[in-house]
Amino acid sequence: MALAEHIVMRELDVPDIANFDVYRKHGGYETYRTVLKEKAPSDIVQVVRDAGLRGRGGAGFPTGVKWSFLPKDVYPRYLVCNCDESEPGTFKDHQIIDLNPHQLIEGMAISAYAIESHTAYIFARGEFATAVRTLEYAIAQAYAAGILGKNILGTGYHLDMYVHRGAGAYICGEETALLEALEGRIGQPRLKPPFPAVSGLYGKPTIINNVETLANVPLIVERGADWYRSFGTTRSPGTKVFSLSGHVNRPGNYELPFGVPMRELIYSPEYGCGMRDDRPVKIIVPGGASSPWLLAKHLDVTLDYESMTAAGSMLGAGSMIVLNDTVSAPHAAYKMDEFFKHESCGKCTPCREGTHWLVRVLHRMTEEGHARPEDIPTLHSIYNQMAGNCFCLLGESAVTPIKSALSLFPQEFEDLVPQRNGRPMIALDAKR
Ligand SMILES: Cc1cc2nc3c(=O)[nH]c(=O)nc-3n(C[C@H](O)[C@H](O)[C@H](O)COP(=O)(O)O)c2cc1C
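Quick note, the sequence shown lines up with residues 1041 to 1472 if you use the working numbering.
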């Protein structure tokens, strides 16, 4: 099934589409103009709700529903675009910005109007120097053209937009840690509830949405909910940008309608072009490092929120890492958990200590070659103490790789433990 129409990546083949004049020539900001002149904010919330747009930051929460959680008559309200994008395997948001920043700015401007906000922030991961420069230039162009600022297009509406560069911490993608960092504090998560829609930036109602979510808004508003729902499935409408990486021949970002089988994304000549050297698929991590692993037998599971959940995993931000049979499952778990250990913010004990001990045991088993018989039960014990006990989802995510690896490939862990007469023994040279 080939995609008839791209939504988020629709103009990426237009030369210089990042330039304001080129974007305008292709109809850019026309929807925003119509919205400001002819629509009420509630009309926009309704069409986004009817379209069934779901947040692309990982949880898939319905965007219009989130917008309608804002408490009535509490102002100011803020719109924050989450461009932290640090999950291993995820690399779509900065490409959307690098190549077509005005689509995001227009989506944000329409969304800010919809939620009756006059201040919008884009929180960008610290390392995204190029994307930030591109955005700042595009925002300056929009101000110069009267698209942002005071009395926009003579309508009396005003909107200011700022880019804030983070310092490169994965935890700052978690929405409340992001707000802490935006307010100038250490990026550590806040207790929820209250959710940001009720009490967010500076204690005021705040909507936080992902880059891809907001980049969908202009076309949904221009063409309507029914048009949008003509793509994808009933409960996962529209298209999704999938970041495909790992042992595929052609890694990259591909926009497909929800509901396409994983096999098509990996093997189609239009997308992944199959596995390198034709080796078999061993592990599929379908939604970034925090999603439970799937196997080759799952290749016909379709890429939508419901099917992924039914298969025992999650779609997440659509970041699929495909690993072939040369990969050791314990080592893959070690590398992923090393990331979570490095990124743990240290606020809560189960995550701070749990990730440390997971990595320490996994390092001994996979890198040092000194696995002990008690290591496997210890790993089970550590992740069981973490699961459900961490302050935020970072710690819960760190449980996923080790739990997946132990449950799907138990023998590979057993094989690391030295044996004598078919029974595990403690290696004499085991380092303590
Ligand atoms: C550890 C952690 C990291 C996250 N990183 C990101 C991120 O980089 N970008 C993002 O949009 N959402 C990220 N999220 C999800 C956000 O907390 C939030 O749900 C999202 O920005 C909401 O946008 P959406 O409704 O458009 O999906 C992260 C969540 C967690 C727990």
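Cβ coordinates follow ideal geometry from the N, Cα and C atoms, glycine included.
ask   = Shortest alpha-carbon distance to D1455 belongs to which of P1111, S1126, L1363, H1371?
value = H1371
task = Could you tell me the distance, in whole angstroms, from the CA atom of A1042 to the CA atom of L1343?
result = Residue placement at A1042 is poorly supported in this model, since its pLDDT is 43, which falls under 50; the coordinates are not used for a value here.
query = With distances taken between CB atoms, is the gap from K1444 to P1277 smaller than 8 Å?
reply = One detail in the question is off: residue 1444 reads as Ser in this sequence, not Lys. Contact flag unset, no.
query = For Y1118, is the classification buried or exposed, using 16 other Cβ atoms within 10 angstroms of its Cβ as the cut-off for buried?
reply = buried
Reference D1124, options L1222, G1435, A1058, closest by Cα = L1222
request  = Have a look at the DSSP bridge pairing and note the partners of T1103.
outcome  = Answer is none; T1103 lacks a bridge partner.
ask   = Going straight from the alpha carbon of K1244 to that of I1416, what length do you get?
value = 47 Å
ask   = Counting pairs of beta carbons, one from the region 1431-1445 and one from the region 1373-1391, are three or more of them closer than 8 Å?
value = yes
request  = Specify the secondary structure class of K1387 as computed by DSSP and reduced to three states.
outcome  = coil
query = Of all the options E1078, P1229, G1213, which has the alpha carbon lying nearest to the alpha carbon of L1193?
reply = E1078
Simplified DSSP state of A1470, which is helix, strand or coil = For A1470, the pLDDT reaches just 43, beneath the cut-off of 50, and the residue's location in the model is therefore unreliable, although a value from the coordinates is still provided. A1470 falls in the coil class under three-state DSSP.
ask   = Whose C-alpha, out of L1076, E1156, V1257, M1315, is nearest the C-alpha of R1094?
value = Cα-wise, what sits closest to R1094 is V1257.
task = Give a single yes or no on whether G1098 has its beta carbon closer than 7 Å to a heavy atom of ligand 1.
result = yes
request  = Find the nearest neighbour of G1299 within the set I1324, D1340, C1313, judged by alpha-carbon distance.
outcome  = D1340
Spatial neighbours of A1467 in its chain, beta-carbon cut-off 6 Å, leaving aside the 5 residues before and after = In this prediction, A1467 has a pLDDT of 47, which is less than 50 and means its spatial position is unreliable; what the coordinates show is noted afterwards. Contacts found: H1410, P1458.
query = First and last residue of the alpha helix (DSSP H) that includes E1295?
reply = It is not in any alpha helix (DSSP H) - E1295 instead sits in the beta strand (DSSP E) that spans 1292-1297.
message = Buried or exposed, going by whether 16 or more other CB atoms sit within 10 Å of the CB of N1293?
response = N1293 counts as buried, since at least 16 other C-beta atoms from the protein chains shown sit within 10 angstroms of its C-beta.
message = On the criterion of 16 or more Cβ atoms from any shown chain inside 10 Å, does K1132 qualify as buried, or is it exposed?
response = buried
A1255 versus A1369 - alpha carbon distance = 36 Å
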